[in-house]
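Numbering (UniProt numbering), first residue to last: 1 to 144.
The beta carbon of each residue, even a glycine, is placed where N, CA and C say it ideally should be.
All values derive from a computational prediction rather than experimental measurement.
First up is the structure itself, then whatever we jot down about it.
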Amino acid sequence: MDVYPTSQWPDLIQVSIANVLGVKNNSLPDSGERSDENKSTNKLTYFNIGCVGEPTRYLLSYCDIKFDDVRLSLEEWPKHKPNMPMGQLPILKIDGKTYHQSRAIARFIAKRSNLYGSDEFEAMEIDATVDSIEDIRQALGAYY
């Protein structure tokens, strides 16, 4: 299992994410080296690939939420699977409590960061867009 603090993400990836998200200074927050008092209490665990875990990584970085990025190899997965909610990844641990389901995690982060619309109608439009993207992702998955 590899753990990649966000401070070790390559600069090119951070600039690319910033461009996609429209961050004006073309850089995302860099958590740098952390002292014990500044260690993250957030831990995102997913495979060492993008797919459904990547939007959560982007969102956490965009919202300047410090987190440890734990990436499991496919070889490691069988030993961890029995301990995962519903036998699935990604999971997000916050202060030791485990949360699962990628879209639920993303909605939580968006709500906590005031990115979930200004009212329930905007939130519904956001949900519809996210669900439509998931429908497309699943349809494309049949070909890969």
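Rounded distance between the beta-carbons of residue j and residue i, thought under 8 Å
i      : j      : result
Ile105 : Gly117 : 17 Å between Cβ atoms; not a contact.
Ile91  : Pro85  : 7 Å
Candidates the options, of which the one nearest residue i by Cα
i      : options                       : result
Phe108 : Val52, Asp95, Ser40, Thr56    : Thr56
Phe67  : Ala128, Asn114, Gly96, Gln138 : Gly96
Leu59  : Lys111, Met124, Phe47         : Lys111
Leu89  : Phe47, Tyr144, Pro78, Ala142  : Phe47
Cys63  : Leu115, Gly87, Glu76          : Leu115
Ile65  : Ile49, Lys43, Glu134, Ala123  : Lys43
Ser61  : Cys51, Asp135, Gly87, Ser113  : Ser113
Buried or exposed (CB count within 10 angstroms, at least 16 for buried), residue i
i      : result
Leu140 : exposed
Gly53  : buried
Pro82  : exposed
Thr45  : buried
Leu74  : exposed
Asp119 : exposed
Tyr99  : exposed
Asp69  : buried
Tyr144 : exposed
Chain-order list of residues whose beta-carbon lies under 6 Å from that of residue i (same chain, five-residue window excluded)
i      : result
Ser132 : none
Lys24  : At Lys24 the pLDDT is 40, less than 50, meaning the model places this residue with poor confidence and gives no usable figure here.
Thr41  : Asp95
Ala128 : none
Met124 : none
Limits of the alpha helix (DSSP H) - the one that residue i falls within
i      : result
Ile133 : 120-141
Thr41  : Where Thr41 is concerned, there is no enclosing alpha helix (DSSP H), given that its DSSP letter is neither H nor E.
Tyr62  : 54-62
Nonlocal neighbours in the same chain, by C-beta distance under 7 Å from residue i, ignoring five residues either side
i      : result
His80  : Leu72
Val130 : Arg103
Where the beta strand (DSSP E) through residue i begins and ends
i     : result
Lys97 : 97-100
Lys93 : 91-94
Leu74 : No beta strand (DSSP E) contains Leu74, which DSSP labels as neither H nor E.
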